[in-house]
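In full-length UniProt numbering, the protein residues as written are 1 to 237.
All C-beta atoms in this analysis are idealised placements derived from N, C-alpha and C, irrespective of residue type, glycine included.
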(Lines of atoms letter the chains of each structure in order from A; the text may use other names.)
(Lines give C-alpha, C1' and ligand atoms only; values in the text may rest on other atoms or scores of the structure.)
Protein backbone atom coordinates (compact mmCIF):
# COMPACT_ATOMS: atom_id res chain seq x y z
CA UNK A 1 0.00 0.00 0.00
CA UNK A 2 2.83 2.34 0.92
CA UNK A 3 4.66 1.46 -2.30
CA UNK A 4 1.54 2.31 -4.35
CA UNK A 5 1.19 5.70 -2.62
CA UNK A 6 4.85 6.42 -3.21
CA UNK A 7 4.46 5.63 -6.91
CA UNK A 8 1.47 7.98 -7.21
CA UNK A 9 3.33 10.75 -5.37
CA UNK A 10 6.38 10.27 -7.58
CA UNK A 11 4.17 10.48 -10.67
CA UNK A 12 2.64 13.75 -9.46
CA UNK A 13 6.09 15.19 -8.79
CA UNK A 14 7.25 14.24 -12.29
CA UNK A 15 4.16 15.86 -13.88
CA UNK A 16 4.68 19.06 -11.88
CA UNK A 17 8.37 19.09 -12.85
CA UNK A 18 7.59 18.66 -16.56
CA UNK A 19 4.96 21.40 -16.49
CA UNK A 20 7.34 23.71 -14.63
CA UNK A 21 10.17 23.07 -17.07
CA UNK A 22 7.84 23.70 -20.01
CA UNK A 23 6.74 27.03 -18.56
CA UNK A 24 10.26 28.06 -17.61
CA UNK A 25 11.55 27.21 -21.09
CA UNK A 26 9.06 29.55 -22.74
CA UNK A 27 9.46 33.30 -22.93
CA UNK A 28 6.97 35.95 -21.96
CA UNK A 29 4.63 37.28 -24.66
CA UNK A 30 6.61 40.50 -25.05
CA UNK A 31 5.01 41.89 -28.19
CA UNK A 32 8.39 42.90 -29.64
CA UNK A 33 8.82 45.37 -26.78
CA UNK A 34 5.84 47.51 -27.80
CA UNK A 35 4.77 47.96 -24.15
CA UNK A 36 1.12 48.75 -24.89
CA UNK A 37 -1.18 49.34 -21.92
CA UNK A 38 -4.11 46.99 -22.48
CA UNK A 39 -2.71 44.33 -24.86
CA UNK A 40 0.21 41.91 -24.64
CA UNK A 41 2.11 39.77 -27.11
CA UNK A 42 2.30 39.87 -30.88
CA UNK A 43 1.53 36.77 -32.95
CA UNK A 44 3.82 38.15 -35.68
CA UNK A 45 6.93 38.07 -33.49
CA UNK A 46 6.28 36.03 -30.32
CA UNK A 47 6.52 32.26 -30.00
CA UNK A 48 3.15 30.47 -30.26
CA UNK A 49 3.77 28.99 -26.80
CA UNK A 50 4.89 32.18 -25.06
CA UNK A 51 3.79 32.90 -21.49
CA UNK A 52 0.85 35.28 -21.02
CA UNK A 53 -0.18 37.55 -18.12
CA UNK A 54 -1.76 34.55 -16.38
CA UNK A 55 1.64 32.76 -16.32
CA UNK A 56 0.26 30.12 -18.68
CA UNK A 57 1.32 29.28 -22.22
CA UNK A 58 -0.68 30.75 -25.08
CA UNK A 59 -3.26 28.04 -26.02
CA UNK A 60 -2.12 27.67 -29.63
CA UNK A 61 -2.74 23.89 -29.66
CA UNK A 62 -6.30 24.31 -28.32
CA UNK A 63 -7.00 27.02 -30.90
CA UNK A 64 -5.72 24.75 -33.69
CA UNK A 65 -8.01 21.94 -32.52
CA UNK A 66 -10.96 24.35 -32.42
CA UNK A 67 -10.39 25.36 -36.03
CA UNK A 68 -10.11 21.72 -37.12
CA UNK A 69 -13.41 20.92 -35.40
CA UNK A 70 -15.00 24.00 -36.93
CA UNK A 71 -14.15 22.97 -40.49
CA UNK A 72 -14.35 19.22 -39.96
CA UNK A 73 -10.69 18.40 -40.49
CA UNK A 74 -8.19 20.47 -42.41
CA UNK A 75 -8.47 24.13 -41.41
CA UNK A 76 -7.66 25.16 -44.99
CA UNK A 77 -10.54 23.25 -46.55
CA UNK A 78 -12.79 26.26 -47.07
CA UNK A 79 -10.12 28.22 -48.93
CA UNK A 80 -8.90 25.27 -51.02
CA UNK A 81 -12.30 24.94 -52.71
CA UNK A 82 -12.18 28.56 -53.82
CA UNK A 83 -8.46 28.51 -54.75
CA UNK A 84 -7.97 31.70 -52.78
CA UNK A 85 -4.42 32.94 -52.38
CA UNK A 86 -3.29 33.39 -48.79
CA UNK A 87 -1.92 36.85 -48.08
CA UNK A 88 1.42 37.00 -46.35
CA UNK A 89 1.00 38.61 -42.89
CA UNK A 90 3.88 41.00 -43.57
CA UNK A 91 2.15 42.19 -46.76
CA UNK A 92 -1.03 42.70 -44.79
CA UNK A 93 0.91 44.70 -42.21
CA UNK A 94 2.38 46.99 -44.88
CA UNK A 95 -1.07 47.48 -46.43
CA UNK A 96 -2.55 48.40 -43.06
CA UNK A 97 0.19 50.94 -42.38
CA UNK A 98 -0.08 52.44 -45.86
CA UNK A 99 -3.85 52.84 -45.63
CA UNK A 100 -3.43 54.33 -42.17
CA UNK A 101 -1.04 56.93 -43.61
CA UNK A 102 -3.63 57.80 -46.24
CA UNK A 103 -6.37 58.16 -43.60
CA UNK A 104 -4.13 60.54 -41.62
CA UNK A 105 -3.48 62.67 -44.70
CA UNK A 106 0.23 61.89 -44.77
CA UNK A 107 0.09 60.41 -48.27
CA UNK A 108 -1.73 61.70 -51.34
CA UNK A 109 -3.19 59.47 -54.06
CA UNK A 110 -2.84 60.35 -57.74
CA UNK A 111 -5.14 58.39 -60.01
CA UNK A 112 -4.23 57.80 -63.67
CA UNK A 113 -5.93 55.77 -66.36
CA UNK A 114 -3.75 52.71 -65.79
CA UNK A 115 -2.37 53.03 -62.28
CA UNK A 116 -2.48 54.77 -58.95
CA UNK A 117 0.56 56.50 -57.45
CA UNK A 118 1.28 57.60 -53.91
CA UNK A 119 3.46 60.42 -52.65
CA UNK A 120 4.15 62.21 -49.39
CA UNK A 121 1.74 65.07 -48.81
CA UNK A 122 3.23 68.56 -48.83
CA UNK A 123 2.64 70.41 -45.57
CA UNK A 124 2.70 73.91 -47.18
CA UNK A 125 4.30 75.39 -44.11
CA UNK A 126 1.78 74.01 -41.67
CA UNK A 127 2.93 73.83 -38.03
CA UNK A 128 4.39 70.68 -36.60
CA UNK A 129 2.08 68.22 -34.90
CA UNK A 130 1.35 69.21 -31.32
CA UNK A 131 2.27 65.80 -29.94
CA UNK A 132 4.84 63.47 -31.47
CA UNK A 133 3.58 59.92 -32.01
CA UNK A 134 4.63 56.66 -33.61
CA UNK A 135 2.40 53.99 -35.11
CA UNK A 136 2.73 50.39 -36.20
CA UNK A 137 0.71 47.20 -36.36
CA UNK A 138 0.35 44.38 -33.87
CA UNK A 139 -1.51 41.08 -33.65
CA UNK A 140 -2.12 41.00 -29.88
CA UNK A 141 -2.40 37.67 -28.08
CA UNK A 142 -3.89 38.94 -24.81
CA UNK A 143 -5.91 41.98 -23.80
CA UNK A 144 -8.10 43.53 -21.12
CA UNK A 145 -11.83 43.23 -21.81
CA UNK A 146 -13.54 46.60 -22.03
CA UNK A 147 -16.81 45.04 -20.88
CA UNK A 148 -15.59 43.02 -17.89
CA UNK A 149 -12.21 44.55 -17.11
CA UNK A 150 -10.70 41.04 -17.02
CA UNK A 151 -7.85 39.61 -19.12
CA UNK A 152 -8.88 37.68 -22.24
CA UNK A 153 -6.98 35.56 -24.75
CA UNK A 154 -7.21 36.99 -28.27
CA UNK A 155 -7.47 34.24 -30.87
CA UNK A 156 -4.57 34.38 -33.33
CA UNK A 157 -3.98 31.62 -35.88
CA UNK A 158 -2.34 32.15 -39.24
CA UNK A 159 -3.64 31.82 -41.89
CA UNK A 160 -7.18 31.20 -40.63
CA UNK A 161 -7.55 34.19 -38.33
CA UNK A 162 -4.82 36.80 -37.83
CA UNK A 163 -6.33 39.80 -36.04
CA UNK A 164 -3.95 42.66 -36.82
CA UNK A 165 -4.65 46.22 -35.71
CA UNK A 166 -2.92 49.59 -36.05
CA UNK A 167 -1.86 51.38 -32.87
CA UNK A 168 -0.47 54.88 -32.31
CA UNK A 169 1.29 55.87 -29.10
CA UNK A 170 2.51 59.14 -27.60
CA UNK A 171 6.24 59.77 -27.77
CA UNK A 172 6.19 63.19 -26.10
CA UNK A 173 4.82 64.35 -22.77
CA UNK A 174 4.47 68.05 -23.57
CA UNK A 175 3.03 69.91 -26.58
CA UNK A 176 5.34 71.65 -29.04
CA UNK A 177 3.21 74.67 -29.99
CA UNK A 178 0.69 75.11 -27.16
CA UNK A 179 1.79 74.84 -23.55
CA UNK A 180 0.11 71.69 -22.43
CA UNK A 181 0.34 67.97 -21.82
CA UNK A 182 0.17 65.18 -24.38
CA UNK A 183 -2.52 62.65 -23.48
CA UNK A 184 -2.76 59.13 -24.89
CA UNK A 185 -6.07 58.23 -26.55
CA UNK A 186 -7.55 54.77 -27.10
CA UNK A 187 -10.04 53.15 -29.44
CA UNK A 188 -11.97 49.91 -28.81
CA UNK A 189 -11.31 47.03 -31.22
CA UNK A 190 -13.62 44.03 -31.50
CA UNK A 191 -11.69 40.75 -31.23
CA UNK A 192 -12.56 37.07 -31.20
CA UNK A 193 -11.39 36.10 -27.71
CA UNK A 194 -11.22 33.27 -25.20
CA UNK A 195 -11.79 34.39 -21.58
CA UNK A 196 -8.95 33.28 -19.33
CA UNK A 197 -9.89 30.62 -16.82
CA UNK A 198 -12.06 27.47 -16.96
CA UNK A 199 -14.13 28.68 -19.91
CA UNK A 200 -14.10 26.82 -23.23
CA UNK A 201 -16.50 28.95 -25.26
CA UNK A 202 -15.14 31.74 -27.45
CA UNK A 203 -16.85 35.01 -28.15
CA UNK A 204 -16.29 38.58 -29.25
CA UNK A 205 -15.16 41.32 -26.93
CA UNK A 206 -13.82 44.87 -27.10
CA UNK A 207 -10.21 45.61 -26.13
CA UNK A 208 -8.65 49.07 -26.01
CA UNK A 209 -5.70 49.82 -28.31
CA UNK A 210 -3.65 53.02 -28.41
CA UNK A 211 -5.05 55.27 -31.15
CA UNK A 212 -3.18 58.58 -30.97
CA UNK A 213 -2.15 61.54 -28.86
CA UNK A 214 -3.95 64.80 -28.11
CA UNK A 215 -2.66 68.04 -26.63
CA UNK A 216 -4.45 69.11 -23.46
CA UNK A 217 -3.67 72.78 -22.65
CA UNK A 218 -2.52 73.40 -19.10
CA UNK A 219 -4.80 75.29 -16.71
CA UNK A 220 -7.78 74.59 -18.98
CA UNK A 221 -11.11 74.20 -17.23
CA UNK A 222 -12.58 70.69 -17.56
CA UNK A 223 -15.62 70.49 -19.81
CA UNK A 224 -18.60 68.40 -18.83
CA UNK A 225 -19.14 67.55 -22.49
CA UNK A 226 -15.73 65.97 -22.92
CA UNK A 227 -15.57 62.25 -22.36
CA UNK A 228 -12.56 60.79 -20.51
CA UNK A 229 -9.63 59.70 -22.67
CA UNK A 230 -9.57 56.23 -21.14
CA UNK A 231 -12.44 54.13 -19.79
CA UNK A 232 -12.34 52.83 -16.26
CA UNK A 233 -10.53 49.54 -16.75
CA UNK A 234 -7.82 48.15 -14.49
CA UNK A 235 -4.18 48.81 -15.31
CA UNK A 236 -2.59 45.34 -15.32
CA UNK A 237 0.72 46.44 -16.80
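- Burial of residue 138 is indicated by the presence of at least 16 other C-beta atoms within 10 angstroms of its C-beta.
- For residue 193, the CB contacts under 8 Å within the same chain, skipping 5 residues up- and downstream, are 143, 145, 152, 153, 154, 155, 202, 203, 204, 205, 207 in chain order.
- Three or more Cβ pairs closer than 8 Å define a contact, and the segment 165-178 falls short of that threshold against the segment 47-58.
- Put simply, the backbone Cα of residue 45 is about 26 Å away from that of residue 102.
- Counting C-beta atoms within 10 angstroms of its own C-beta, residue 148 has fewer than 16 neighbours from the protein chains shown and is therefore classed as exposed.
- Exposed is the label assigned to residue 217, since fewer than 16 other Cβ atoms lie within 10 Å of its Cβ.
- Within 10 angstroms of the beta-carbon of residue 91 lie fewer than 16 other beta-carbons, which makes it exposed.
- For residue 54, there is no enclosing alpha helix (DSSP H), as DSSP marks it with neither H nor E.
- The secondary-structure analysis by DSSP pairs residue 136 across a beta bridge with 167.
- It is roughly 7 Å from the alpha-carbon of residue 214 to the alpha-carbon of residue 184.
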